[in-house]
Each structure stands twice: as C-alpha cells, then as structure tokens.
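Student: These protein sequences, in sequence, are chains A and B.
Residue -1 is where the first sequence starts when you use the numbering used here, and the numbers rise one by one after that.
Residue -5 is where the second sequence starts when you use the numbering used here, and the numbers rise one by one after that.
Ideal placement from N, C-alpha and C gives every residue a C-beta, glycine not left out.
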Amino acid sequence: MIMTHPGLPLYWAYAIGIMMLLLGLLTMAIKAPTTSASRSISLAKLPLIGDLFRFLAKYTWPLLLLKIIFAALFITVITAGLWGTPIVERNLATTLTWNLWWTGIIIAIVFSGSAWCALCPWDNIASWLVNHSIWRRSSSQSRLQLKVPNMLRSVWPASLLFIGFTWLELGIGIVASPYATAMLALLMLILATTTLALFEGKAFCRYMCPVGRTVGAYSQLAPIALRPIDSEICRNCKTLECFHGSDKIAPCPTKIVMGRLQENTYCTSCGNCTQSCPSSNVSWQLRSPSSEAIKEAKPHMDEAFFLLILLSLTLFHGLTMLDYWEGYLSEMAQLINDSGQLIISFSIGLGVTLILPIFIYCLCIGLTQGLLKKRLGAMVTKLSFNKLFSGFAFISLPLAFSYHIAHNLTHFVRESSDWLSLVTNPLGTGAEPLSMMEKHTRHMEMMVSENTLFIMQGIIIAIGFVIATQVIRHRGHRLFAAQGITLLPMILFAALVTGFNLWMLVQPMTMRM
Amino acid sequence: MIKITSKTTPILSGLLLCALALFSALTHAHHVLGRPSYSLNEDSNTPPSMAIETQIGEYFITYMVFPAFPKPNEPGRVNIYATRIDNGEMLDQTITFTVRDDTFWGESIGIGDGAKPEVIGQQNIDDGVYRQGFLFKSRGSYIIRAYFEDNGEPYEIDFPLQVGAASPVGPIGAAVGFIFFLLLMINIVQRKRIARTKIQQGQTV
Ligand code: SF4
Ligand code: SF4
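1. Within the continuous beta strand (DSSP E) that includes E47 (chain B), where are the two ends?
2. Leaving out five residues on either side along the sequence, give the residues of the same chain with a beta carbon under 6 Å from the beta carbon of H24 (chain B).
3. From T179 (chain A) to W165 (chain A), what distance separates their C-alpha atoms?
4. Closest Cβ-Cβ distance between P431 (chain A) and chain B: below 8 Å?
5. Does any CB atom of chain B fall closer than 8 Å to the CB of L317 (chain A)?
6. Starting from A169 (chain B), find everything on chain A with Cβ-Cβ shorter than 8 Å and list it in chain order.
7. Less than 8 Å between CB atoms is the rule here; does R190 (chain B) satisfy it with respect to chain A?
8. Give the residues whose C-beta lies closer than 6 Å to at least one heavy atom of ligand 1, in chain order.
9. R473 (chain A) and F392 (chain A): beta carbons closer than 8 Å?
10. CA-CA distance, R440 (chain A) and S433 (chain A)?
11. Using 10 angstroms around the beta-carbon of D336 (chain A), count the other beta-carbons present and answer buried if the total reaches 16, otherwise exposed.
12. Comparing the C-beta of Y124 (chain B) with each C-beta of chain A, is any distance below 8 Å?
13. Give a single yes or no on whether C235 (chain A) has its beta carbon closer than 7 Å to a heavy atom of ligand 4.
14. Considering Cα atoms alone, identify which of A:K293, A:P431 and A:H405 is closest to T508 (chain A).
15. Could you tell me how far apart the beta carbons of D96 (chain B) and P165 (chain B) are, in whole angstroms, since I believe they sit closer than 8 Å?
16. For L44 (chain A) and V280 (chain A), what's the separation of their Cα atoms in angstroms?
17. Can you find a CB in chain B that lies within less than 8 Å of the CB of I341 (chain A)?
18. Show which residues of chain A have a CB atom less than 8 Å away from the CB atom of R185 (chain B).
19. For the pair the region 271 to 287 of chain A and the region 222 to 239 of chain A, tell me if three or more CB-CB distances fall below 8 Å.
20. Below 7 Å, is the gap between the Cβ of P251 (chain A) and the nearest heavy atom of ligand 2?
21. Give a yes or no on whether the C-beta atoms belonging to L500 (chain A) and I105 (chain A) are separated by under 8 Å.
22. What is the C-beta distance between W120 (chain A) and M181 (chain A), in whole angstroms, given that I count them as a contact (C-beta under 8 Å)?
23. Can you find the residues in the same chain that come closer than 6 Å, C-beta to C-beta, to G462 (chain A), ignoring five residues on each side of it along the sequence?
24. If I follow the unbroken alpha helix (DSSP H) through A76 (chain B), where does it start and stop?
25. Spell out whether any CB of chain B is found under 8 Å from the CB atom of Q468 (chain A).
26. Do you know whose CA, among A:L486, A:Y359, A:Q505 and A:V128, lies nearest L320 (chain A)'s CA?
27. If you draw a straight line from the C-alpha of S345 (chain A) to the C-alpha of Q339 (chain A), how long is it?
28. I341 (chain A): which of B:M44, B:S31, B:R125 and B:T48 sits nearest, CA to CA?
29. Have a look at A:L194, A:W114 and A:V209 and flag the residue whose alpha-carbon is nearest the alpha-carbon of I180 (chain B).
30. Looking at the C-beta of I393 (chain A), does it have a partner C-beta in chain B at a distance below 8 Å?
31. What span of residues does the alpha helix (DSSP H) with A183 (chain A) cover, start to end?
32. Hey, is G134 (chain B)'s beta-carbon within less than 8 Å of any beta-carbon in chain A?
33. Taking C-beta pairs closer than 8 Å, name the residues in chain A that N118 (chain B) reaches, listed in chain order.
34. Ligand 2 and G269 (chain A): does the residue's C-beta get closer than 7 Å to at least one heavy atom of that ligand?
35. So with CB distances below 9 Å, who are the chain B contacts of T191 (chain A)?
36. Kindly say whether Q505 (chain A), judged by its beta-carbon, lies nearer than 8 Å to any beta-carbon of chain B.
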C-alpha cells in the first residue's frame, strides 16, 4: 500500500502568493544599489569558537578522522547493498543513502557550505588508492596527469550525469533496491578513481560529479565558506601555496587561488589551502547568505544550463511523488503502448519536465531582451541574449534550493527509520518486511509537529522567492541597468516557479519508502 | 604533464571499453519490473511475500511470489492477477510460465545453457488468480516469464527471482579488478615514460 503525507495547508499558498505580488511590485519600483559591499566575519577571529576553527585549520587529523568514518560508512553501504536483505526499509544501504544522506547533504549546505566534498568517500577512497598516501602530497606513479580534453572542460558532463542518475533513481527505481544503490555507489567510486588516475587535478569533482556540482552551486547561497582571514595578506602573497601546494600538501585540486576566490562553486572544502598557507590565513567565514548568487558569482553559459537543469530536476523529483504522476504514466503508457516498468513513458515525462522550465526561461529572457531593446535601442546586440541568459540563471538557485529543502524536510521529518536496528543489523539479516502497523506508526511519528513543519516549509519557499527577486534586481541592474518594467518577465518567471513549487507542496506526497 | 598521444590512446580506449563492459554487466545484472515491495500479512503466519504491480498493453498485472526469499529445494508459488485497464475485466486465457537464468551473458548474448528457457507449467484462471508452483534445486538468479496471447497480441511479463543468497562476488570482483587493472596499466605507462625521458636526457648530455 502506498502511503501519502498531507500537503501544506492552502492558506500558506495564498499568503505567499500575496507576498510575491507585493515583492514583485517593490522589486520593479526600487532601484538596485549601485555599490553594496558584502559583510563577512572570519570565524577564526571570533572569541571562544575562533580557537576551535584555528585548530581545525591547523591540524590534519580531525578532518582525516572524519574522512575515515565516512569511508567506513560507504563500505558498509556497499556491503549491505550487495549482501543484505532486499527489503528496502531494513537495509542500511537504502535507508542511509536515500533517507539520510541525500536529504541531509542538501540541508547541511545551509550550515556547512560545500563541506560535504571534504568528507566525500568516492573522492577520498579514490585519492588513497591512486596517490598511495593518506594525506600528504604524493609522487605516485599511478597518475597519468593528462590534460583534461577541451570537450570535458565544462559542467556539461556533470549535467548529463545528473540527468542520467535521476533517470536511474526514479525511473529504474534504484531508491527501492539496496543492490542497485550499492552498484551506483561502486560506479561513482570507479568513475572518481579512473578520472583521478588519468587526469590532472580533480577533474571528476570539477567537471563531472553531479553531487559535487549540486553542492557547489547551492553553496553559493550558504552563509559559510572557506575564505582568507585577512585579505591583505593574500593580496601581498607572491608564493601562492594555496594554489601550488607546499612540500607536504598537494595543490588546490580545482585550481583556485584563495585570495581571489569569489564563488564557492568549485571549492571542495578539501582543506589543502588551510594547511599549505604559510601564514595560516585560510579559515571558515560567515558572510551575507546568497551574496554570491545575488552579485559576486561570474555567469558562465555551461553553469547557467546546469542551474536550470538543477531546477528542472528538482521540480521533476517533486512531480514524481504526487498522486497525479501514476495517472500520467498510465495514460501515457496506453497512448504509446508502453509496458512493464513504463520506462518510455517515464523518460518522456522526464524529458518534458527538463525542457519546459528552460523553454519558459528562454521566453522570459527573450521578453526581457525585447523590453530592453525598446529602452536602450542599439546597445542591446544579438549577443545580449546569452549574457542575459547566463546572468539571470542565478535565480534558479534559490528557487530550486528552497523547494529542494522544503520537499526533503517532509521526508526527513515524517519518514523515521528504526536507526537502532539498522545500525545493529545493517544488512537486515533475518529481518521481516514492515508490517502495516509499523508503517502506520512511522507515518504518524514525526520529528517535529506538523504545524512546525508547515511553518518551516512556508518560510523556506518565501525566502527562496525573496532571494530570487534580489538576484533579479541586482543582476538586472548590473547587466543592462535594467529596472522597472524590464524586470517584469524575470519576476514572472520566479513567481511561476514559486507558484508551481507551492502547488506541489500543497498536494499529498507519497512516502519514499 | 603529458598529452594524449597515439601511445596512450589504446590504453585509454581499452580502459573505456573495460568500464563500459563492466557497467553494462552491472546494469543488466538485475531486472526490475515495476517496483518490488515486500510485505507481511499480520493476519496470517505465512512468510513474507514479494509483490510487483505493473501495466502491460491493455492489462494491469499484479505478480506475487511466496515466499519472498525462496531457498533451494523449498517449494514456492507465483500468483498473477490480470485485469483490463479499460473495464476492469479479468483476463481469461492460458498462461505459460517459463524460467531461465538471469545472467547478462546468458540473456543478452545467448551464451550457455542458461539462455534457454524451460517451461515450468501452463495455468488457467482459478478463482481469479493464475497460480504456478516452483521448486529450484540450486541457488541463483532466475527470470520467470509469464506468456499469454490476447486479441492476437503476445504478452510477456518477466519477473526476477533470487533463490538462496545472491553472490555479490561478481560486482565487487569486477570493480576491484577494474581498479587494479587501471592502476597497473598507468603504472607501467608512467615507468616507461620516465625511463624514456632518462634515456633521452642521457643522450643529450
Ligand atoms: S565533487 Fe563529487 S566526488 Fe568530488 S568530493 Fe564532491 S561529491 Fe565527492
Ligand atoms: S585547496 Fe582549493 S578546493 Fe581545497 S579548500 Fe582550498 S580553495 Fe577549496
């Protein structure tokens, strides 16, 4: 029997709708400030916790210990997936991967930016295997250090893998199979190891990993990031150990010069720069949330497409968990004579959901361009479409992130697992399937009250829209001094996506497992 | 740093081929038709069963296996319910059940005996259900196929069945083997490259 969770009460949708209307008008009416410096505080400079952050930046072993714990968990997941019970809810592979990790890393971005990548077992195990070194700079002969071919030097590989994994996850049903979950984990390890062995730096993390790119993109909204403690020291630095590495510490795997870092996208929080900097000048910093997405991050075409694909896939995740989805699949299957697991119908649904938001976005960019042409005339050349396309794509970030978190909160808060049994019996040896009684109990036992959950979801969706309008205001002003009515198409896009997100949240949602 | 040259290309292509072979073997190793779910009926003391609901052509099909985790030499049963999507009418035809090994080589390439299906029985509707008993003598992954014809259209419904514990040595072996082979090949190439550079340096001095 498929269980569903009740949706957000309708009054939340009305309240956020009114807020969107007012904020939309305000965004058009108020001019964006021409200069606005982002504020930041280095956590290493704070009293009390400053010592802790300095300690973490100085010593290798705390991070190494965490890496080993995560690697051990990863090996447990593979073991449980391959040897354990196929009962999804009784196997640690599926519960840990899909209920805790996949939900948790998105929520964790709010508190720790791109820190996940520092602990990532694929990358760490691959590095240990290839470099033959636990943490020191290595001169291993197991790396070819080839230059990454030009065709791979963009986030397109990550975008395509992301689409592929979504297809495997929701279409083939990896979420419902511990065995397939373990296979996917092994495949990621093989990809990470192969890429590390063949190419220079960490090409897998930089160009291919859909998880890393998602974490990187979302961490542009995070209020925390690794940054120089004193930017003056970086400005005067001639040796750039953060980039080149030192005798003991490897260079930055994604070729970042810490002193010039403006966007978090490619920082894997590996901590190499915190170790190699001779002035110990790198630490975690608190900053205005979303400042990167709003103004600091530089727009690039491949990244813009990645952000839009991320938005589409996030919406698609939500759609597949609505009651309507089954009906659609069934109708489509009859129309095209699809059978079995209805893979073709599913793929068509995925394709349409992928293309439609991007198409609407292009339409809004086209309208913006038209309005700008009227105002600015010859200044708006043919090239401007691409500039507007990549510049405004940052609005996808808060819209996708807010829905992603609001949606996952339902899973997180409402779908409890019996972690004690799972930890003591990760393979689920001899375990019986969930009884109806147990299913009901899990369904009813919530981590926080239902009202608290609704409040959190409502606020998160509203914040997503607020940040989106900030992006529109600032980026619009910077791109073409766009303001007033010229911003309307993009505001409508943000409102449309937020409205759709709200509609999905209002519907009952099926339980993941 | 080195460039991709004609010497490294065969190695890269070989590695890519190995990765592709490994991945295709991995993806074909398991068949999922619909989403299997395991359930336990609290009103009875029967062992857990596995059910899959799916749609094929004009029919909604529900497939159930008892027990969910059959062991070698232990009798089990497959039940099928099939109703028309348009009017909910029950299917009333003879269903033929066959079985074959669920292996990539056996199934996709047609190598080995496992590729040949064996008929396990023909069943007619009995109280709205098609029931087929089975008993497997050895451990393994099998595919049971239910076959019927309706309005001149053939219907084939494949159903995965694991008898006894699965052997995970295959995927782990393939993954470890692949990584070992990759690192070994790269090590050889690197050593040759260093030796060549040394000789070249010796010649120029
Ligand atoms: S980018 Fe991907 S592989 Fe690299 S550390 Fe992050 S999650 Fe791991
Ligand atoms: S070395 Fe590079 S990737 Fe690692 S934490 Fe520093 S900037 Fe980020």
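Tutor: Short version:
1. Residues S43 to I50.
2. No answer about H24 (chain B) holds up, because its pLDDT of 35 lies below 50 and its placement is not dependable.
3. One C-alpha to the other measures close to 13 Å.
4. Yes, because at least one Cβ of chain B sits closer than 8 Å to the Cβ of P431 (chain A).
5. With its beta carbon at least 8 Å from every one in chain B, L317 (chain A) lies outside the interface.
6. Contacts between A169 (chain B) and chain A, judged by CB atoms closer than 8 Å, involve L184, L187 and I188 in chain order.
7. No, R190 (chain B) lies away from the interface with chain A (no Cβ there is under 8 Å from its Cβ).
8. One residue after another in chain order, those with a Cβ under 6 Å from a heavy atom of ligand 1 are A:C115, A:C118, A:W120, A:D121, A:A190, A:F202, A:C203, A:C207, A:V209, A:G210 and A:T266.
9. Yes, the pair counts as a contact, with Cβ atoms nearer than the cut-off.
10. Cα to Cα, the separation comes out at about 11 Å.
11. D336 (chain A) comes out buried.
12. Nearest CB-CB separation between Y124 (chain B) and chain A: not below the 8 Å threshold.
13. Judged by which ligands are present, ligand 4 is missing from the structure shown, whose ligands are ligand 1 and ligand 2.
14. T508 (chain A) has its Cα closest to that of A:H405, out of A:K293, A:P431 and A:H405.
15. The pair is not a contact, with the Cβ atoms about 14 Å apart (cut-off 8 Å).
16. Rounded to whole angstroms, L44 (chain A) to V280 (chain A) spans 14 Å at the Cα level.
17. Interface criterion not met: the Cβ of I341 (chain A) is under 8 Å from no Cβ in chain B.
18. Residues of chain A passing the Cβ test: Q139.
19. Contact between the region 271 to 287 of chain A and the region 222 to 239 of chain A is established, with three or more Cβ pairs separated by less than 8 Å.
20. Yes.
21. No, they are not a contact pair.
22. About 14 Å separates the Cβ atoms of W120 (chain A) and M181 (chain A), ruling out a contact at the 8 Å cut-off.
23. Excluding residues within five positions, the ones whose Cβ falls inside 6 Å are P396, L397 and S400.
24. A76 (chain B) -> not in any alpha helix (DSSP H); beta strand (DSSP E) instead, spanning G70 to R78.
25. With 8 Å as the cut-off, Q468 (chain A) does not count as an interface residue toward chain B.
26. It is A:Q505.
27. Here the alpha carbon of S345 (chain A) sits roughly 11 Å from the alpha carbon of Q339 (chain A).
28. The option with the nearest alpha carbon to I341 (chain A) is B:T48.
29. When only C-alpha atoms are compared, the closest one is A:L194.
30. Judged by the 8 Å Cβ criterion, I393 (chain A) is not in contact with chain B.
31. Element bounds for A183 (chain A): P176 to L196.
32. False, the Cβ-Cβ gap to chain A never drops below 8 Å.
33. Neighbours of N118 (chain B) on chain A: none; closest Cβ ~23 Å, over 8 Å.
34. The answer is yes for G269 (chain A).
35. Under the 9 Å cutoff, chain B gives F172, I173, L176 and L177.
36. False, the Cβ-Cβ gap to chain B never drops below 8 Å.
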